[in-house]
Amino acid sequence: MKSLLKTLSRMPLAISLCLIVTALTVKAQDAKIQMAHLDHLASRANETVDVNIDERLIQLAAKIFNDKDEDEAQIKKLVVGLKGIYVKSFEFDNDNEYSAADIDSIRSQLREPAWSRLVNVTSKREGNVEVYISLGGPQINGLVVISAESKELTVVNIVGPVDLEKLAKLEGNLGIPELGIKPAKQKKEEQ
Amino acid sequence: MSEEYLWDKSGEPDPEIQQLEQILGSLRYQPSALELPTETVTEHRKSYLPLLAIAATLVLTVFAGLLWFSLHNRAPKTGVTKVVTPAVPEVSPKVIPNVMPKSDTTSDTTSPSEKKQSTAQATVPRSNKQFVARDIRRVHKPEVVPTEEALHAKEQLMTALRLASEKLNLAQRKAQGPASPNQIRNQHKIG
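Going down the list, the sequences are from chains A and B. The first sequence runs contiguously to residue 275 in my numbering. The second sequence runs contiguously to residue 348 in my numbering.
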């Protein structure tokens, strides 16, 4: 009888834990946006990059990262908690191959309060760049980057806890030439 | 006839009663010690249970003894582990062949006394060698053989991260904007 009462007294705790886990999972899944409607641009594009990596594939890839290699170890740390990475990038030969509706269909999914726009740069000459983040408490739950240039459209969606600083630092470490952008603090130190 | 005789044989006896007494007198109770028949057949039920219990106990004792003996005999071999354990992971596989006694080469050239020494020296490292081999197996995890799927996932992951990092930096650069000459001058003044 006592054990039954004990079990019953623990039930609310177990249920609330289950609910929290479910809520967190749902929240993480919310950070994934639909990009399938951009697929029609592939036929017009000169070059297309389409990446769909779910959590299982991320874990699979993380296993073969070499921990002794500093760069790979950093990348492993960055991706190990992620739930998914989805990228669609199209490079066109001519201007205006994609429409504003294509971008709006992405933007419409990134509404407050789930999403907040971190950066929005509009330039007629260089194109637009928007960065959205989904916050779950103090942590970033998801990231969306929309880069719309005259001959290029790129949408990046990262689902899960992302460290923006670490992600930004990856440029130059993965065989990409560094663009020479340094944080203000670092610049001051160098001066 | 008086009834006194019937009660305590004090009165005048009745001849009929005396006759009856004589007839039944042979059947009178005569107190005597119990005589047991000398040839008594006693049927003993033979019970094998105690014997079986004793036999089982003996078998178990012997088995336990053998088990303990075999374990106890193994203990000194593994006992080396306590001494050598910390150094084992640093032992390179190249060291192991040097530890091995070169019985073929030394047997031809060395004297019997030297042989004894060499064999005595060889016995000690042999146990270490066994230990090293065993411990290496325990310490070193089998290397993960990357599957095609994992390699593909890693490649996709790297591509996605490259693009994400590149676009994030692009957004950062555009958000910061080109530094005006006045700002630089002001910075110099302050610094």
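Note that beta-carbon positions come from the ideal geometry of N, C-alpha and C, so glycine has one too.
Proximity of Phe149(A) to chain B, defined by a Cβ-Cβ separation below 9 Å, is satisfied.
The Cβ neighbour count for Trp164(B), taken over all protein chains shown within 10 Å, is under 16; the residue is labelled exposed.
Annotation: Ile117(A) to Asp153(A) spans about 33 Å, alpha carbon to alpha carbon. Within chain A, not a single residue places a beta-carbon under 7 Å from that of Glu305(B); the smallest gap is close to 11 Å. Counting the other Cβ atoms within 10 Å of the Cβ of Lys167(A) gives 16 or more, which makes it buried. Beta-bridge annotation (DSSP): Val229(A) is paired with Val215(A) and Val240(A).
For Leu194(A), no chain B residue has a C-beta closer than 7 Å to its own C-beta; the minimum C-beta separation is roughly 14 Å. By the Cβ criterion, the stretch 202-213 of chain A is in contact with the stretch 229-248 of chain A, since at least three pairs of Cβ atoms, one from each stretch, lie closer than 8 Å. Taking C-beta atoms as the reference points, Ala129(A) and Glu196(A) fail to come closer than 9 Å. Among the residues facing chain B, Leu162(A) is included, as its CB has a counterpart in that chain under 9 Å away. In this structure Leu177(B) is exposed. Its beta-carbon is surrounded by fewer than 16 other beta-carbon atoms within 10 angstroms. Leu227(A) sits away from Ser200(A), with the two beta carbons spaced by 9 Å or more.
A distance of 9 Å or more separates the beta carbons of Tyr216(A) and Leu248(A). DSSP lists Lys172(A) as the bridge partner or partners of Asp134(A). If you ignore the 5 residues before and after Asp138(A), its C-beta comes within less than 6 Å of the C-beta of Gly168, all in its own chain and listed in chain order. Trp225(B) has its alpha-carbon roughly 48 Å from the corresponding atom of Lys161(A). At a beta-carbon threshold of 9 Å, none of the residues of chain B lie near Ala129(A); the nearest stands roughly 14 Å away. When secondary structure is reduced to three states using DSSP, Val164(A) falls in the coil class, being assigned neither helix nor strand. Taking CB atoms only, Lys253(A) has a neighbour in chain B less than 9 Å away. Nearest CB-CB separation between Ser322(B) and chain A: below the 9 Å threshold. What Ser207(A) touches in chain B, judged by beta-carbon distance under 9 Å, is Lys331, going in chain order.
Between the beta-carbon of Val240(A) and that of Lys324(B) there is about 6 Å, and that keeps the pair under the 8 Å contact cut. Leu144(A) is not a Cβ neighbour of Leu318(B), given a cutoff of 9 Å.
Here DSSP, grouped into helix, strand and coil, assigns Val203(A) to strand.
In this structure, the beta-carbon distance from Glu181(A) to Leu125(A) falls below 9 Å. Secondary structure note for Ile187(A): its alpha helix (DSSP H) is the uninterrupted segment Ala184 to Arg191. From the beta-carbon of Glu210(A), the residues of chain B found nearer than 8 Å are Lys331.
Listed along chain B, the residues sitting closer than 7 Å to Ala145(A) by beta-carbon distance are Ala307, Ala310, Lys311 and Leu314.
Between the alpha carbons of Leu184(B) and Pro194(B) lies a gap of roughly 22 Å. In this structure, the alpha-carbon of Gly221(A) lies about 11 Å from that of Ala198(A). Around the Cβ of Asn230(B), a 10 Å sphere holds fewer than 16 other Cβ atoms; the residue is exposed. For Asn230(B), no CB of chain A lies under 9 Å from its own CB, so it is not counted at the interface with that chain. Here DSSP, grouped into helix, strand and coil, assigns Gly222(B) to helix. Within the same chain, Glu214 and Ile230 come within 8 Å of Arg191(A) by CB-CB distance, once the 5 residues on both sides are set aside.
Pairing Val164(A) with Ala146(A) gives a Cβ-Cβ distance under 9 Å.
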